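Residue numbers 5 to 184, in the working numbering, belong to the letters of the sequence shown in order. We put the beta carbon where it would ideally sit given N, CA and C, even for glycine. On a predicted model such as this, the values are computed, not experimentally measured, just so you know. Notes to accompany the following structure.
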Amino acid sequence: VRVTFVGTAAGIEARVIPREGFELELIRSAGLKGKSLESVARGVGLLPRSGFDAWQVITRRRPAVVVGVGGYSSGPLVALAAARGIPTLLLEQNAVPGLTNRMLAPLVKAAAVTYDEAVRFFGTKAFVSGNPVRPEFFEGIDQLLHRAGEAVVAPDQENIEASLARGIEHPLILGPAVPC
Numbered sequence: 005v006r007v008t009f010v011g012t013a014a015g016i017e018a019r020v021i022p023r024e025g026f027e028l029e030l031i032r033s034a035g036l037k038g039k040s041l042e043s044v045a046r047g048v049g050l051l052p053r054s055g056f057d058a059w060q061v062i063t064r065r066r067p068a069v070v071v072g073v074g075g076y077s078s079g080p081l082v083a084l085a086a087a088r089g090i091p092t093l094l095l096e097q098n099a100v101p102g103l104t105n106r107m108l109a110p111l112v113k114a115a116a117v118t119y120d121e122a123v124r125f126f127g128t129k130a131f132v133s134g135n136p137v138r139p140e141f142f143e144g145i146d147q148l149l150h151r152a153g154e155a156v157v158a159p160d161q162e163n164i165e166a167s168l169a170r171g172i173e174h175p176l177i178l179g180p181a182v183p184c
């Protein structure tokens, strides 16, 4: 499986994604919410270019699936993929989705949400996946708990481990979530 990320030249992805060895396609895009009037005007003005760039990325890459993670770069790419009949999935890590994911909700095939509270924004398309956690997160947890117990008061290890494991209780599986 080849994974390609799409983002802007100004975003953190422009530094991090290539450094981690993944391909990055750049589009021109800017936020529309919580900005000054000038910034909103710039974002609206960029929408045609964002759409053009996203169309080119989809045409060039011919993805089997497009996954949106929210944010203004996701908007044009996911919307155009849905319009072209490409299966789409949104990842929503918040209890209340941001503007982009709320706007894309009617267009996508599925939405993987972290919290039950977010289901209502996506209806029957939503499934609770939890928040995927890298295995490295759990390495050395016993040592961490032991140190925390020595420094303060010995914690209730079962409760701490249960709360940490909550995010991986329902692992994110992309295959069955997005019908091809």
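*Hey, which unbroken runs of the alpha helix (DSSP H) at 4 residues or more fall wholly within the stretch 38-71?*
41-65
*Look at the alpha carbon of G72 and the alpha carbon of A18, and state the distance between them as a whole number of angstroms.*
17 angstroms
_Endpoints, beta strand (DSSP E) assigned at A116_ = 114-117
*asked:* Could you check whether R32 and S54 sit closer than 8 angstroms to each other, using their CB atoms as the reference points?
replied: yes
*Determine the direct distance from the alpha carbon of T104 to that of T118, and round the result to whole angstroms.*
17 angstroms
_Buried/exposed call for I90, threshold 16 Cβ in 10 Å_ = buried
*Buried or exposed: S40, going by 16 or more other Cβ atoms within 10 Å of its Cβ?*
exposed
*Neighbourhood of A14 by C-beta, 6 angstroms cutoff - its chain only, sequence neighbours within 5 removed*: none
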